[in-house]
Amino acid sequence: MTEAPTMSAPAADSATLVRVRGLHFSQGRRKIYDGIDVDIARGKITAIMGPSGTGKTTLLRIIGGQWRPSAGAVEFDGANVHQQRQRGLYAMRKRMSLLFQNGALLTDLSVFENVAFPLREHTKLPEAAIRDIVLMKLEAVGLRGARDLYPEELSGGMARRVALARAIALDPEMVMYDEPFTGQDPISMGVLMRLIQSLNRSLGITSVIVSHDVDEVLSIADFAYVISNGQVLARGTPDEIRASPSEYVQQFLQGRPDGPVAFHFKARSLADDLLERA
Amino acid sequence: MKGGIVTVLSNFLFGLGRAQFFLIGILRAVPAALLRPRAIIRQLYMVGVLSMIIIVISGMFIGMVLSLQGYHTLVRFGAASSLGVLVALSIIRELGPVVTGLLFAGRAGSALAAEIGLMRATDQLSAMEMMAVDPMRHVIAPRFIAGVIAAPLLTAIFCVMAIGVAGGHAIGVELLGVDAGSYWSQIRANVDVHDLIQSFVKATVFGAVISWIAVYQGYNAPPTSEGVSRATTSTVVVSSLSILALDFILTAFMFR
Chain C
1 MTEAPTMSAP AADSATLVRV RGLHFSQGRR KIYDGIDVDI ARGKITAIMG PSGTGKTTLL
61 RIIGGQWRPS AGAVEFDGAN VHQQRQRGLY AMRKRMSLLF QNGALLTDLS VFENVAFPLR
121 EHTKLPEAAI RDIVLMKLEA VGLRGARDLY PEELSGGMAR RVALARAIAL DPEMVMYDEP
181 FTGQDPISMG VLMRLIQSLN RSLGITSVIV SHDVDEVLSI ADFAYVISNG QVLARGTPDE
241 IRASPSEYVQ QFLQGRPDGP VAFHFKARSL ADDLLERA
Chain V
1001 MKGGIVTVLS NFLFGLGRAQ FFLIGILRAV PAALLRPRAI IRQLYMVGVL SMIIIVISGM
1061 FIGMVLSLQG YHTLVRFGAA SSLGVLVALS IIRELGPVVT GLLFAGRAGS ALAAEIGLMR
1121 ATDQLSAMEM MAVDPMRHVI APRFIAGVIA APLLTAIFCV MAIGVAGGHA IGVELLGVDA
1181 GSYWSQIRAN VDVHDLIQSF VKATVFGAVI SWIAVYQGYN APPTSEGVSR ATTSTVVVSS
1241 LSILALDFIL TAFMFR
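So the protein lines, in turn, are chains C and V.
In terms of the working numbering, the first sequence has 191 at position 191, counting the first letter as 1, and numbering is strictly consecutive.
In terms of the working numbering, the second sequence has 1140 at position 140, counting the first letter as 1, and numbering is strictly consecutive.
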């Protein structure tokens, strides 16, 4: 499979916060990435879309320096993420945050303490200031009233909203959202979309959204990538993506079962399997 | 067959090497963790205070059994008055640290491994890393330190319960009629400070080894139900065998 032609040129150097070049990554025998290039523009909302199992979450973990690529380079604000020692990497991570798919809240802390956690770890703010910041962040996600609850008392969607409040507690330069809309009811989804947009517009926070909720993501993204089988199939503005001539992209956008992207995992024919003697 | 043995051996050595690097990582995080006493105190409660009931009850029963068995043997030689020293030396030198270690591995070690394994499976450790908080300092080191502190304290409680209070003393003196004066004076005359130091050294080493194995197994558990369950089982099995083997080695060195 060859990479689809670039529809829009990636952002200029100074405007690029994250630059991924020639990324290769394998998990066991499975090749996840086969030399992809991705640029995350500073202050913009970038969407990474693709079918399940294409390694969208993996890309976020690689950008965050948690996993190491087998080849290629990932630069955050001009510095190679995977050549940093722990101190440098941690300094970088204070400027970015990752919203995990399941929230990943610390289960021995209350909602309030979860949001206060990064503030307590990285600032010397007085308790009153921490309280104010935490309450404001919880207000933004609509869960100020849930501050005394513990993670096991929250629904999946609520946990993810608390995790979002925690992710923005330190006002990072970049927030990476891993499937932020999955499991949210329509009201929460609308609020979350507006929140992501307002964080981006009012505070200039660079946003990376990994999702397969195509319509929602394309409605707020400035730039989007469609990834499948370890390659970038399309890149461009939402309108360019929607108008893509690529059959792969159209199949994905319209959710058709038949097309170049196989719904079934690679296997021999069903008849062969059924007729095989036990 | 030969290939299988080589694979098992190389896997074992590889695992041992990784565990040693992990221990170095823990020890490097210990100074920073010591600056956060609240986290250590919380863990002391989890692994120490919550293990006390099982230690107290086991200590009492082991002291009582040892006293019964010892009395019936000693009385044949007219040496029943030495019951105190028999119970005390057996408990302080061997049974105290070893049984406490085995119970500690089963109660606290398994809980530690399961807790950390679940934190890994639910991305809590990854979330900490992404928040630029080192899980070694924040999660692993406080639990390791608490284990090292709790094990000798629990051993001391075990010994007190087994020798005095309701264990050896209750059976030997109150039930079987050994003279209380000779029970305690024989202990004072024959148990010296070296016995106590050796018991303390054993208990501390066992505490460190159990905590090391538990946090290593939990931290490296595959993020699945089966992975966490295997990590918990391995913690108890490997810790128990390590305690027994180390007990022999330490005894051989200390009682030459």
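C-beta atoms are modelled at their ideal positions from N, C-alpha and C, and glycine is treated no differently.
Buried or exposed, going by whether 16 or more other CB atoms sit within 10 Å of the CB of V:Glu-1129?
buried
For V:Ala-1127, return the contacting residues in chain C, with the cut-off set at a CB-CB distance below 7 angstroms.
The answer, in chain order, is Phe-100 and Ala-104.
Proximity test, Cβ basis, 8 angstroms: C:Gln-66 and chain V
yes
Please confirm if C:Leu-69 has its CB atom under 8 angstroms from at least one CB of chain V.
Residue identity check: residue 69 of chain C is Pro in the sequence provided, not Leu. No, because no Cβ of chain V sits closer than 8 angstroms to the Cβ of C:Pro-69.
Output the distance between the C-alpha atoms of V:Val-1098 and V:Arg-1143, rounded to the nearest integer angstrom.
If I take the Cα positions, the gap works out to 21 angstroms.
For C:Gly-229, count neighbouring Cβ atoms within 10 angstroms of its own Cβ and tell me buried if that reaches 16, exposed if not.
It should be noted that the sequence gives Asn, not Gly, for residue 229 of chain C. The residue is buried, with at least 16 neighbouring Cβ atoms inside 10 Å.
As an exercise, report each continuous beta strand (DSSP E) stretch of at least 3 residues that is fully enclosed by the segment 55-97 of chain C, in chain order.
As far as the segment 55-97 of chain C is concerned, its whole beta strand (DSSP E) runs of at least 3 residues are 71-76.
Top-ranked residue by Cα proximity to C:Val-18, from C:Val-175, C:Met-189 and C:Ser-70
C:Val-175
Just list the residues that DSSP pairs C:Tyr-33 with in beta bridges.
C:Phe-25
Cβ-Cβ distance between C:Met-158 and C:Ala-146 below 8 angstroms:
yes
Would you please verify whether the beta carbon of V:Val-1030 is less than 8 angstroms from any beta carbon of chain C?
no
Anticipated Cβ contact below 8 angstroms, C:Ala-163 with C:Phe-100, distance rounded:
The Cβ separation is near 6 angstroms, so the contact holds.
CA nearest to the CA of C:Val-226, picked from C:Arg-29, C:Leu-135 and C:Tyr-33:
C:Tyr-33
For V:Thr-1233, decide whether its Cβ has a neighbour in chain C, counting only Cβ atoms nearer than 8 angstroms.
no
Since I believe V:Val-1056 is in contact with V:Met-1161 (beta carbons under 8 angstroms), could you give me their beta-carbon distance rounded to a whole number of angstroms?
In this structure, V:Met-1161 and V:Val-1056 form a Cβ contact; the two beta carbons are roughly 5 angstroms apart against a cut-off of 8 angstroms.
Quick check: is the beta carbon of C:His-122 nearer than 8 angstroms to any beta carbon in chain V?
yes
As assigned by DSSP and simplified to three states, the class of C:Met-7
Here the model assigns C:Met-7 a pLDDT of 44, short of 50, so the residue's position is not dependable, and the following value carries that caveat. In the structure shown, C:Met-7 sits in coil (DSSP, three-state: anything other than H, G, I, E or B).
Given this structure, state the Cα-to-Cα distance separating C:Arg-131 from C:Glu-113, to the nearest angstrom.
A straight line joining the alpha-carbon of C:Arg-131 with that of C:Glu-113 spans about 10 angstroms.
Residue interval of the alpha helix (DSSP H) (run including V:Tyr-1183):
1180-1190
By the 10 Å Cβ neighbour count, where 16 or more other Cβ atoms means buried, how is C:Pro-238 classified, buried or exposed?
Result: buried.
Please identify the residue among V:Gly-1084, V:Leu-1074 and V:Ser-1051 whose C-alpha is closest to the C-alpha of V:Ala-1111.
Taking only the C-alpha atoms, the option nearest V:Ala-1111 is V:Ser-1051.
Quick one: Cα of C:Ser-8 to Cα of C:Val-249, how far?
Confidence is the limiting factor: at C:Ser-8 the pLDDT is only 45, short of 50, which leaves the residue's position unreliable, though a coordinate-based value still follows. Spanning the two alpha carbons is a distance of roughly 16 angstroms.
Need the endpoints of the beta strand (DSSP E) that C:Arg-235 sits in, please.
231-236
Using a Cβ-Cβ distance under 8 angstroms, would C:Glu-3 count as near chain V?
Because C:Glu-3 sits at a pLDDT of 44, beneath the cut-off of 50, its placement in the model cannot be relied upon, and the following sentence gives the value as read from the coordinates. No, C:Glu-3 lies away from the interface with chain V (no Cβ there is under 8 angstroms from its Cβ).
Determine, using beta-carbon pairs with one atom in the segment 242-257 of chain C and one in the segment 59-67 of chain C, whether at least three such pairs fall under 8 angstroms.
no
Same chain, Cβ closer than 6 angstroms to C:Ala-116, neighbours up to 5 away in sequence not counted
Ile-130 and Val-134
What's the call for C:Gly-103, buried or exposed, on a 16-neighbour Cβ count within 10 Å?
buried
Is the separation between the beta-carbon of V:Ile-1210 and that of V:Phe-1104 shorter than 8 angstroms?
Cβ distance < 8 angstroms, so V:Ile-1210 and V:Phe-1104 count as in contact.
Where V:Lys-1202 falls, given that 16 or more other Cβ within 10 Å makes a residue buried:
buried
Verify whether the separation of the beta carbon atoms of V:Thr-1232 and V:Leu-1154 is less than 8 angstroms.
no
When you compare the CB of C:Ser-207 with every CB in chain V, is at least one pair closer than 8 angstroms?
no
For C:Ser-98, tell me which candidate among V:Leu-1023, V:Met-1254 and V:Ser-1126 has the shortest Cα-Cα distance.
The residue asked about is misnamed: residue 98 of chain C is Leu in this sequence, not Ser. Checking every option, the nearest Cα to that of C:Leu-98 belongs to V:Ser-1126.
Grouping DSSP H, G and I as helix and E and B as strand, with all else coil, what is C:Ser-188?
helix
Taking C-beta to C-beta, are C:Ile-40 and C:Val-208 nearer than 8 angstroms?
A contact, by the Cβ cut-off of 8 angstroms.
Kindly give me the distance between the Cβ atoms of C:Val-111 and C:Leu-60, rounded to whole angstroms, as I take these residues to be in contact under 8 angstroms.
The pair is not a contact, with the Cβ atoms about 24 angstroms apart (cut-off 8 angstroms).
Could you check whether V:Ile-1149 and V:Ile-1026 sit closer than 8 angstroms to each other, using their CB atoms as the reference points?
no
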